[in-house]
Amino acid sequence: MSTSLSSTPTTTAPDPVPVLVPTSLDELVKLLHAELGSNGLDSEGVDVDRVKALMTNYASNEEDWKKYAHFDKGRYTRNLVDDGNGKFNLMILAWPENVGSAIHDHSGSHCLMKVLDGKLKETLYDWPERIQFESGGHHLDSGLGSDNSDSDDSSCVKSSKTRPMVIKKETILHRDECAYMSDQLGLHRVSNPLKSAGAGSLSLHLYTPPYETCKTFNEKSSIARASGKCVFFSEKGEKLQSCPSAAYLACSLTENDKDQ
1 MSTSLSSTPT TTAPDPVPVL VPTSLDELVK LLHAELGSNG LDSEGVDVDR
51 VKALMTNYAS NEEDWKKYAH FDKGRYTRNL VDDGNGKFNL MILAWPENVG
101 SAIHDHSGSH CLMKVLDGKL KETLYDWPER IQFESGGHHL DSGLGSDNSD
151 SDDSSCVKSS KTRPMVIKKE TILHRDECAY MSDQLGLHRV SNPLKSAGAG
201 SLSLHLYTPP YETCKTFNEK SSIARASGKC VFFSEKGEKL QSCPSAAYLA
251 CSLTENDKDQ
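Counting from 1, position 145 in the sequence shown corresponds to residue 145 in UniProt numbering; the numbering is continuous, with no gaps.
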């Protein structure tokens with residue numbers, strides 16, 4: 001008795017291209033351009049895990065990033081490394097001791113964050129059930145739930161209902177650890193938990209697509225406000241002359257965010 005073999009050819013998926021290990025920050029920038037292509041992280045075929053692996057594989061080296069380490073007392077600074085030809089922004093954030101951001105969204109952008117020096121605390125929050133905006137001393141309710149992060153303030157109605165933000169998770173990130181964030185995962189706040197004088201932390205952030213404004217949220221009331229334009233403290237290592245000395249940032253934690 002003979003056994004015949006099927007003549008139908010079998011196909012196997014090609015082996016994935018291995019994620020390279022950048023040997024410098026400059027090489028990481030080149031590899032990010034190659035990985036993200038011309039359309040950024042939202043384009044078909046771009047794998048978030050591969051981009052995160054690239055960020056993780058880069059071993060922090062002070063010689064690479066020291067020219068971007070511009071600190072400003074009492075608030076963090078955003079220091080542009082590469083503008084990604086308009087498809088992404090790669091920047092280094094400098095966090096003085098005991099300084100943090102406001103609770104904020106990412107305006108539909110993908111965010112990858114890697115600690116270069118020190119450590120950072122990421123606090124993840126649920127979206128409020130209803131997004132309420134502050135305007136002219138009144139609370140405005142968008143009438144939209146957590147799946148509508150890009151609501152239009154013009155449709156808001158007055159509301160007095162407020163409630164605290166709900167914390168989902170807190171994570172301490174150490175040197176060379178990397179995290180991913182998007183609006184689908186919720187809202188977050190990033191802070192430097194180190195309290196000793198001069199204990200600054202540095203982090204590398206990739207945003208794709210880039211964004212200039214976001215929404216910030218009061219932790220006690222969940223009231224949202226539209227930010228002003230997010231500014232850079234430096235570009236390509238050079239401090240911007242037009243940047244205010246205080247370098248006030250749209251997503252910085254303000255007294256109103258603390259006490260409202």
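Idealized CB from N, CA, C, for every residue including glycine.
Best match in the options for proximity to residue i [C-alpha to C-alpha]
i	options	result
D176	L54, L31, H33	L54
Y211	A94, T171, L90	L90
H205	H106, T171, E97, T123	H106
S191	D49, T213, K121	K121
F232	K161, R189, L112, D82	D82
V99	L194, D47, L112, A34	L194
Y125	S203, V51, M181	M181
I223	D47, G200, T162	T162
L202	I103, Y68, G237, K239	Y68
C230	Q184, S101, I131, A199	S101
Q132	L80, G198, R225	R225
K200	V29, H33, K66, V51	The sequence given here has Gly at residue 200, not Lys. Answer by Cα proximity: K66.
G86	L185, D47, H33	H33
S234	T123, R78, Y207	R78
Y207	G84, Q184, H188	G84
P209	G237, H110, G198	H110
S174	L36, G198, T56	Note that residue 174 is His in the sequence shown, not Ser. Per the Cα distances, T56.
L185	L112, T213, K239, G237	L112
T123	D183, R189, K215, R130	R189
Buried versus exposed, by CB contacts within 10 Å (16 or more), residue i
i	result
A179	buried
Q241	exposed
A94	buried
P128	buried
I92	buried
P96	buried
V51	buried
T171	exposed
K215	buried
beta-carbon residue i near the ligand SAM non-hydrogen atom, thresh 6 Å
i	result
K119	Ligands are entirely absent from the displayed structure, and the ligand SAM is therefore not among its contents.
Beta-bridge pairing of residue i - partner residues as DSSP gives them
i	result
K220	Answer is none; K220 lacks a bridge partner.
H188	H104, L124
I167	Y125
### Query
Any chance the region 166-179 sits against the region 71-79, with 3 or more Cβ pairs inside 8 Å?
no
### Message
With a threshold of 8 Å, are at least 3 pairs of Cβ atoms found where one atom belongs to the region 106-116 and the other to the region 216-223?
### Response
no
#### Entry: contact_flag[the region 19-35, the region 60-67] where n(CB pairs < 8 Å) is 3 or more
yes
### Message
Runs of 3 residues minimum, wholly inside the region 80-106: which ones carry the beta strand (DSSP E) assignment?
### Response
89-95
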